[in-house]
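Colleague: Pasting in a structure now, in structure tokens, and then I'll have a few things to ask.
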Amino acid sequence: MSAEPNYNQRIGKLIKDLRKERCFSVDNVSLNIVSASFMRKLEAGQTGVSVITLLQILKKLKVDQTDFFKCAVPELSYDDIAIIKVVLEPYYNRDVLTLRKQLEQQRTLYLQTTDQFYLINQAIIASLIKSIDPAYINDPTLSSFICDYLTRINNWGSYEIFIFSNCTAILPSQVILHVSKLFIVMETKFEANHRNTTTLFIALINAVETLLGRQQIQAAKFVLRHLLHAKIPVDAMVVKFKMTFFENLIEYDASSARYKNASLIDFLREIGYSSFASFFQKFMDSFLAG
Numbered sequence: 000m001s002a003e004p005n006y007n008q009r010i011g012k013l014i015k016d017l018r019k020e021r022c023f024s025v026d027n028v029s030l031n032i033v034s035a036s037f038m039r040k041l042e043a044g045q046t047g048v049s050v051i052t053l054l055q056i057l058k059k060l061k062v063d064q065t066d067f068f069k070c071a072v073p074e075l076s077y078d079d080i081a082i083i084k085v086v087l088e089p090y091y092n093r094d095v096l097t098l099r100k101q102l103e104q105q106r107t108l109y110l111q112t113t114d115q116f117y118l119i120n121q122a123i124i125a126s127l128i129k130s131i132d133p134a135y136i137n138d139p140t141l142s143s144f145i146c147d148y149l150t151r152i153n154n155w156g157s158y159e160i161f162i163f164s165n166c167t168a169i170l171p172s173q174v175i176l177h178v179s180k181l182f183i184v185m186e187t188k189f190e191a192n193h194r195n196t197t198t199l200f201i202a203l204i205n206a207v208e209t210l211l212g213r214q215q216i217q218a219a220k221f222v223l224r225h226l227l228h229a230k231i232p233v234d235a236m237v238v239k240f241k242m243t244f245f246e247n248l249i250e251y252d253a254s255s256a257r258y259k260n261a262s263l264i265d266f267l268r269e270i271g272y273s274s275f276a277s278f279f280q281k282f283m284d285s286f287l288a289g
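For the sequence shown, numbering that gives the first Met the number 0 begins at 0 and goes up steadily by one.
Structure, rendered in structure tokens:
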């Protein structure tokens, strides 16, 4: 989603109007999602917001996502909105069954139309399934296709970065590192054209997660060290959480890493994200055992 000022203002004003209409306070809506001060900046159109954070806010407000996106960002097609709704939300809920159903639907649509859009969606969904369930066996033709697609990109925009960010689980490690280095080089240029760089940082921390999961420690360190010195947007709470979590795994011995990350995992459970807490616990156990 673009983060140009007019988009920020449209989204912020609509959220504010919906919040007041439903008699929610800023503190009520922002609780366990973002800080109240960030929520006020968002409503004033002074900052952008990541898609995942926006979905959390809409869920709190009990707002239909399709209606919201068509009103706030009418430039989005129904296909754009569909991929946000049917893919990211079940991933956020760790709902593998729904993701598998969506994968089959996208496969059917591709066979009917041969439209590359549905092939990209298949790669994204397959990668998200594998990130939740490492035992999942991916169709190698999807990996080949998305590798070829990504390596042919000359002008990276938010959509292309979104694709890479959500396909790392099915990409070879050398491709992940290559694209991550490109992002690091282009970060200043990207920031100059897009006030909200959250998408870029999410892509890089997802690269770190995948590389660490494969025990590619030096490659993961290279990307993580860049992130640790970057200016991460205030709303990128998931990025900041993962940065701290992964840094603990890399920089400390097993006992210290477990101790430091235990409080982070407990925090996820306390705010109602038990599925994510379980995921990070399993990730840590697997990494330290390796």
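Backbone N, C-alpha and C define an ideal beta-carbon position, used for all residues, glycine too.
Taking the alpha carbon of Pro171 as the reference point, which residue from Phe245, Gln215, Phe182 and Ser285 has its own alpha carbon closest?
Modeller: Along the sequence shown, read from residue 1 onward, the residue named residue 171 stands at position 172. Nearest of Phe245, Gln215, Phe182 and Ser285 to Pro171, Cα basis: Gln215.
Colleague: Taking only beta-carbon atoms, is Ser179 less than 8 Å away from chain D?
Modeller: No chain D appears in the structure shown, which is made up of a single protein chain.
Colleague: According to DSSP, simplified to helix, strand and coil, what is Lys259?
Modeller: Within the sequence shown, numbered from 1, the residue matching residue 259 stands at position 260. Reduced to three states, the DSSP call for Lys259 is helix.
Colleague: Is the stretch 196 to 203 close to the stretch 118 to 131, with three or more CB pairs under 8 Å?
Modeller: The stretch 196 to 203 is not in contact with the stretch 118 to 131.
Colleague: Thinking Glu186 and Leu223 are a contact (beta carbons under 8 Å), I'd like their distance in whole angstroms, please.
Modeller: Counting from 1 along the sequence shown, the entry for residue 186 is found at position 187. Counting from 1 along the sequence shown, the entry for residue 223 is found at position 224. 14 Å between Cβ atoms; not a contact.
Colleague: Between which two residues does the alpha helix (DSSP H) holding Tyr109 run?
Modeller: Along the sequence shown, read from residue 1 onward, the residue named residue 109 stands at position 110. Start and end: Val95 to Thr112.
Colleague: Looking at His225: is its Cβ nearer than 8 Å to the Cβ of Ile160?
Modeller: Along the sequence shown, one-based indexing puts residue 225 at 226. Along the sequence shown, one-based indexing puts residue 160 at 161. Taking 8 Å as the Cβ cut-off, His225 and Ile160 do not qualify as a contacting pair.
Colleague: Does Cys166 come out as helix, strand or coil in the three-state DSSP assignment?
Modeller: Start at 1 with the first residue of the sequence shown, and residue 166 comes out as number 167. The answer is coil: DSSP assigns Cys166 none of H, G, I, E or B.
Colleague: Between Ile131 and the rest of its own chain, which residues show a CB-CB distance below 6 Å, the 5 nearest in sequence each way excluded?
Modeller: Translated into positions along the sequence shown, residue 131 becomes position 132. So the list reads Arg93 and Val95, once near-sequence residues are dropped.
Colleague: For the alpha helix (DSSP H) containing Thr209, list its first residue and its last residue.
Modeller: Position 210 of the sequence shown, counted from the first residue, corresponds to residue 209. Run containing Thr209: Thr197 to Gly212, per the alpha helix (DSSP H) assignment.
Colleague: Please report the Cβ distance between Ala219 and Leu210, rounded to the nearest whole angstrom; I am assuming they are in contact, meaning their Cβ atoms lie under 8 Å.
Modeller: Residue numbering aside, residue 219 sits at position 220 when the sequence shown is read from its first letter. Residue numbering aside, residue 210 sits at position 211 when the sequence shown is read from its first letter. Contact flag correct, Cβ pair sits at about 4 Å.
Colleague: Less than 8 Å between the C-beta atoms of Ser126 and Ile169, yes or no?
Modeller: Within the sequence shown, residue 126 is the residue found at index 127, counting from 1. Within the sequence shown, residue 169 is the residue found at index 170, counting from 1. The answer is yes: Cβ separation under 8 Å.
Colleague: From this set, Trp155, Asp284 and Cys166, which residue's C-alpha is nearest Leu181's C-alpha?
Modeller: Indexing the sequence shown from 1 puts residue 181 at position 182. The candidate whose alpha carbon is nearest that of Leu181 is Trp155.
Colleague: If you follow the alpha helix (DSSP H) that Ala122 is in, where does it begin and where does it stop?
Modeller: In the sequence shown, the residue the question calls residue 122 occupies position 123. Ala122 -> alpha helix (DSSP H) spans Gln115 to Ile131.
Colleague: Can you check which of these residues, Phe244, Val238 and Asp265, is closest to Phe282 by C-alpha distance?
Modeller: Translated into positions along the sequence shown, residue 282 becomes position 283. Nearest C-alpha to Phe282: Phe244.
Colleague: According to the neighbour-count rule (16 or more other Cβ atoms, all chains shown, within 10 Å of its Cβ), is Phe266 buried or exposed?
Modeller: Residue mapping note: residue 266 aligns to position 267 of the sequence shown, counting from 1. Exposed.
Colleague: Between Asp114, Pro139, Ala288 and Pro232, which lies nearest to Asp290 when the distance is taken from Cα to Cα?
Modeller: No answer is possible for residue 290: it lies beyond the span of the chain, which begins at 0 and ends at 289.
Colleague: Would you mind working out which of Leu53, Ile249, Arg9 and Lys230 sits nearest Val207, comparing C-alpha positions?
Modeller: In the sequence shown, counting from the first residue as 1, residue 207 sits at position 208. The candidate whose alpha carbon is nearest that of Val207 is Ile249.
Colleague: Could you have a look at Phe23 and say whether DSSP puts it in helix, strand or coil?
Modeller: Indexing the sequence shown from 1 puts residue 23 at position 24. Note: Phe23 maps to coil in three-state DSSP.
Colleague: In angstroms, rounded to a whole number, what distance separates the CA positions of Asn137 and Tyr109?
Modeller: As a first step, residue 137 is located in the sequence shown; it is residue number 138 there, counting from the start. As a first step, residue 109 is located in the sequence shown; it is residue number 110 there, counting from the start. C-alpha separation (whole angstroms): 17 Å.
Colleague: Thinking just about the alpha-carbon of each residue, which of Lys19, Ile32 and Val238 is nearest to the one in Thr196?
Modeller: Counting from 1 along the sequence shown, the entry for residue 196 is found at position 197. Checking every option, the nearest Cα to that of Thr196 belongs to Val238.
Colleague: My output table needs one value for Arg151: the three-state DSSP class, helix, strand or coil.
Modeller: Stepping through the sequence shown from its first residue, residue 151 is reached at position 152. In the structure shown, Arg151 sits in coil (DSSP, three-state: anything other than H, G, I, E or B).
Colleague: For the alpha helix (DSSP H) that contains Val237, what are its first and last residues?
Modeller: Looking up residue 237 in the sequence shown gives position 238. Per DSSP, Val237 belongs to the alpha helix (DSSP H) from Met236 to Glu250.
Colleague: Can you give me the Cβ contacts of Ile145 inside the same chain, cut-off strictly under 6 Å, excluding the 5 residues immediately before and after it?
Modeller: As a position in the sequence shown, residue 145 is number 146, starting the count at 1. Taken in chain order, the residues that qualify are Ala122 and Cys166.
Colleague: Look at the alpha carbon of Met38 and the alpha carbon of Met242, and state the distance between them as a whole number of angstroms.
Modeller: Stepping through the sequence shown from its first residue, residue 38 is reached at position 39. Stepping through the sequence shown from its first residue, residue 242 is reached at position 243. Roughly 23 Å between the two C-alpha positions.
Colleague: Nearest to Pro232 by alpha carbon, out of Thr52, Ile10, Phe23 and Gln111?
Modeller: Sequence index remark: in the sequence shown, residue 232 carries index 233 (1-based). For Pro232, the nearest C-alpha among the options comes from Thr52.
Colleague: Taking Ser285 as the reference, give the member of Ser262, Ala256 and Leu263 with the closest Cα.
Modeller: Here residue 285 refers to the residue found at position 286 when the sequence shown is read from its first residue. Minimum Cα distance to Ser285 is reached at Ala256.
Colleague: For Arg106, which residues in the same chain have their Cβ closer than 8 Å to its Cβ, ignoring the five residues on either side in sequence?
Modeller: If you number the sequence shown from 1, residue 106 lands on position 107. Excluding sequence neighbours, Arg106 sits near Tyr117 and Gln121.
Colleague: Does DSSP classify Gln215 as helix, strand or coil?
Modeller: On the sequence shown, position 216 is the one that residue 215 refers to. In this structure, Gln215 counts as coil in the three-state DSSP scheme.
Colleague: I need the straight-line Cα distance from Leu17 to Leu263, nearest angstrom please.
Modeller: Sequence index remark: in the sequence shown, residue 17 carries index 18 (1-based). Sequence index remark: in the sequence shown, residue 263 carries index 264 (1-based). Answer to the nearest angstrom: the Cα atoms are 32 Å apart.
Colleague: Throw me the rounded Cβ distance for the Cys70 and Leu30 pair, which I believe falls under 8 Å.
Modeller: Here residue 70 corresponds to residue number 71 of the sequence shown, with the count starting at 1. Here residue 30 corresponds to residue number 31 of the sequence shown, with the count starting at 1. At roughly 25 Å, the Cβ-Cβ gap does not stay under 8 Å, so Cys70 and Leu30 are not in contact.
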